[in-house]
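2 protein chains.
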Amino acid sequence: MLISEQERDALYKTLFARRDVRRNFRPEPIPEEVLQRILMAAHHAPSVGFMQPWDFVLVEQPETRASIRDGFVEASGMEAEIFEGERQQLYRSLKLEGITDSAMGIVVTCDRKRMGEQGLGRVLNPEMSLYSTVCAIQNLWLAARAENVGVGWVSILDYEVLRRLLGIPDSVDVIAYLCVGYTDGFAASPDLEQRGWQDRLPLSELIHRERW
Amino acid sequence: MLISEQERDALYKTLFARRDVRRNFRPEPIPEEVLQRILMAAHHAPSVGFMQPWDFVLVEQPETRASIRDGFVEASGMEAEIFEGERQQLYRSLKLEGITDSAMGIVVTCDRKRMGEQGLGRVLNPEMSLYSTVCAIQNLWLAARAENVGVGWVSILDYEVLRRLLGIPDSVDVIAYLCVGYTDGFAASPDLEQRGWQDRLPLSELIHRERW
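Each protein sequence line maps, in turn, to chains A and B.
Counting from 1, position 171 in the first sequence corresponds to residue 171 in my numbering; the numbering is continuous, with no gaps.
Counting from 1, position 27 in the second sequence corresponds to residue 239 in my numbering; the numbering is continuous, with no gaps.
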């Protein structure tokens with residue numbers, strides 16, 4: 001099946017307009033058919049040995065999300081301490097999550113034993129099952145952007161909080177907590193770039209020919 | 213910026229038509245402008261703390277790729293042994309890489325210390341830098357598909373072979389070897405599904421509401 005130039009350009013438009021959304025979320029729920037399309041996109045990610053190790057826990061209840069946000073507040077307070085002076089001030093002024101102001105959370109997990117302890121493509125590199133789940137997350141993120149739905153990945157969190165609150169089995173790895181919801185608009189560039197935390201690197205410096 | 217329904221559908225078309233390509237590669241080189249667009253898409257992946265930890269080593273020389281393929285042959289011979297009987301026979305009949313028959317290889321790495329030993333969003337979850345690189349790989353994969361270029365991720369490989377052959381520094385993690393090239397066509401469904409290795413799971417079984 002051929003992809004046309006017009007279709008290619010639509011993919012690039014979506015891909016470059018994707019943002020890690022943490023602010024300007026709107027509370028209205030995501031229609032079930034939109035949610036199902038986004039999750040179906042995630043489910044069509046590549047996975048090592050076609051093991052499809054992902055699960056999705058959809059979290060809407062306000063009390064649950066308030067507890068998850070408490071976990072973020074604790075974790076970010078700790079993380080702030082690794083920075084000093086103006087850098088710490090800047091860190092504390094950033095909005096780094098939208099756990100309670102987004103429409104919902106999606107927790108994405110990885111069952112590393114789904115198709116057995118060992119499997120095709122992951123004997124030498126067992127972390128491949130985790131990476132398959134991350135590919136699903138990126139598919140979900142792009143599909144959401146194509147639906148004009150914002151997604152933000154909250155990694156400033158002790159994922160054991162999620163395991164306890166949501167009853168996630170010990171045998172399953174928690175990979176991500178995603179804030180998901182409609183927004184008042186997507187920023188033109190990443191927040192951390194706009195706020196002077198970190199510039200975008202020149203791509204040319206990251207490309208090596210034949211050898212590093 | 214709004215994504216239209218037509219643009220959304222182009223993204224879904226590309227996403228569902230993406231394959232892990234291991235066969236039917238054609239040898240003609242990828243034009244430089246196409247390659248640059250694909251790499252630019254990778255470079256616009258989300259990254260924790262905007263650290264952009266990825267590098268790309270482009271490998272075209274036939275001798276280098278022949279040596280990498282030797283590494284695959286050794287690794288897959290070992291991996292085959294974990295399966296028994298008919299399953300092992302099936303494993304040995306699968307084509308699991310296109311290292312020398314694709315146009316080129318792209319090795320994708322992760323420099324976990326690019327923005328310091330610790331950084332925003334990765335104090336509690338340091339694996340986030342690796343996951344950022346995987347998001348870049350999935351962006352690259354989808355952009356390539358939109359350019360009608362095939363990509364296959366070879367994980368049946370001791371990545372230390374790549375480190376030695378390509379001079380990758382010890383401080384940098386090797387995340388993927390990707391076979392990249394035009395193909396005679398993309399399969400309608402994953403090879404491992406077609407060959408009866410593994411079926412696609414029903415999405416509904418992977419979705420949990422409020423709790424696992």
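Even glycine gets a Cβ: it sits at the ideal position worked out from N, Cα and C.
Can you list, in chain order, the residues of its chain whose CB lies under 8 Å from that of E291 of chain B, leaving out five sequence neighbours each side? As a position in the second sequence, residue 291 of chain B is number 79, starting the count at 1. Counting only Cβ-Cβ distances below 8 Å, and skipping sequence neighbours, we find Y303, I368.
Is the Cβ of T276 of chain B closer than 9 Å to any Cβ of chain A? Within the second sequence, residue 276 of chain B is the residue found at index 64, counting from 1. Yes, T276 of chain B counts as interfacial toward chain A.
Simplified DSSP assignment, three categories, for M316 of chain B: Working through the second sequence from its first residue, we reach residue 316 of chain B at position 104. Residue state, collapsed to three classes: strand.
What does a CB cutoff of less than 7 Å around S288 of chain B pick up in its chain, not counting 5 residues either side in sequence? Translated into the one-based positions of the second sequence, residue 288 of chain B becomes position 76. Counting only Cβ-Cβ distances below 7 Å, and skipping sequence neighbours, we find L308, I368.
Residues of the stretch 45–65 of chain A with Cβ closer than 8 Å to any Cβ of chain B, in chain order: A45, P46, V48, G49, F50, M51, Q52, W54, D55, F56, V57, L58, V59, E60, Q61, T64
Evaluate V366 of chain B with the Cβ neighbour count: other Cβ atoms within 10 Å of its Cβ, from every protein chain shown; 16 or more gives buried, anything less gives exposed. Numbered from 1 along the second sequence, position 154 holds the residue referred to as residue 366 of chain B. Buried: at least 16 other Cβ atoms inside 10 Å.
Which residues in the same chain have their Cβ closer than 7 Å to the Cβ of G283 of chain B, if we skip the five residues on either side of it in sequence? As a working note, residue 283 of chain B is residue 71 in the second sequence. Around G283 of chain B: L369, D370, V373.
Chain B contacts from the stretch 191–212 of chain A (Cβ-Cβ distance under 8 Å): L192, E193, W197, Q198, R200, L201, L203, L206, I207, H208, R209, E210, R211, W212
Beta-carbon separation of V271 of chain B and V319 of chain B under 9 Å? Reading the second sequence from its first residue, position 59 is the one you call residue 271 of chain B. Reading the second sequence from its first residue, position 107 is the one you call residue 319 of chain B. Taking 9 Å as the Cβ cut-off, V271 of chain B and V319 of chain B qualify as a contacting pair.
Answer with yes or no whether the minimum CB distance from K223 of chain A to chain B is below 9 Å. This structure gives no information on residue 223 of chain A, because the portion of chain A shown stretches from 1 to 212.
Thinking just about the alpha-carbon of each residue, which of A:V48, A:T133, A:S189 is nearest to the one in L418 of chain B? Taking the second sequence and counting its residues from 1, the one referred to as residue 418 of chain B is at position 206. Residue A:T133 is the option with its Cα nearest to L418 of chain B.
Beta-carbon within less than 7 Å of D385 of chain B's beta-carbon, same chain only, minus the 5 sequence neighbours each way: which residues are those? Taking the first residue of the second sequence as 1, we reach residue 385 of chain B at position 173. Around D385 of chain B: T321, C322, R324, L342.
Coil, strand or helix - R8 of chain A by DSSP: As a first step, residue 8 of chain A is located in the first sequence; it is residue number 8 there, counting from the start. Helix, per DSSP.
Looking only at DSSP bridge pairs, what is I168 of chain A linked to? Position 168 of the first sequence holds residue 168 of chain A. Answer is none; I168 of chain A lacks a bridge partner.
Where the alpha helix (DSSP H) through G85 of chain A begins and ends: For the purposes of this step, residue 85 of chain A is taken as the residue at position 85 of the first sequence. Run containing G85 of chain A: 85–93, per the alpha helix (DSSP H) assignment.
Quick one: is T93 of chain A near chain B, going by C-beta distance under 9 Å? Locating residue 93 of chain A in the first sequence gives position 93, counting from the first residue. The amino acid at residue 93 of chain A is misidentified as Thr; the sequence shows Ser. Output row for S93 of chain A: interface = no.
According to DSSP, is H420 of chain B part of a helix, a strand, or is it coil? Locating residue 420 of chain B in the second sequence gives position 208, where the first residue counts as 1. Here H420 of chain B sits in strand by DSSP.
Just to make sure I have the definition right: I need the residues of chain B whose C-beta is within less than 9 Å of the C-beta of F25 of chain A. Which are they? Position 25 of the first sequence holds residue 25 of chain A. Per Cβ cutoff of 9 Å: no residues; F25 of chain A is ~17 Å from chain B at best.
Which residue or residues does DSSP assign as beta-bridge partners of L270 of chain B? Indexing the second sequence from 1 puts residue 270 of chain B at position 58. For L270 of chain B, which the question treats as bridged, DSSP gives the partners A:R209, B:I318.
Do we get a CB-CB distance below 9 Å when we pair Q89 of chain A with the residues of chain B? Walking along the first sequence from the start, residue 89 of chain A turns up at place 89. No, Q89 of chain A lies away from the interface with chain B (no Cβ there is under 9 Å from its Cβ).
Would you call R490 of chain B buried or exposed, if buried means 16 or more other Cβ atoms sit within 10 Å of its Cβ? With chain B covering only 213 through 424, there is no way to say anything about residue 490 of chain B.
Locate the beta strand (DSSP E) running through I387 of chain B, then write down its first and last residues. In the second sequence, counting from the first residue as 1, residue 387 of chain B sits at position 175. Segment 385–393, the beta strand (DSSP E) holding I387 of chain B.
Beta-carbon spacing of Q410 of chain B, M115 of chain A below 9 Å: Residue 410 of chain B sits at position 198 when you count from the first residue of the second sequence. Residue 115 of chain A sits at position 115 when you count from the first residue of the first sequence. Against a cut-off of 9 Å, the Cβ pair of M115 of chain A and Q410 of chain B comes out as a contact.
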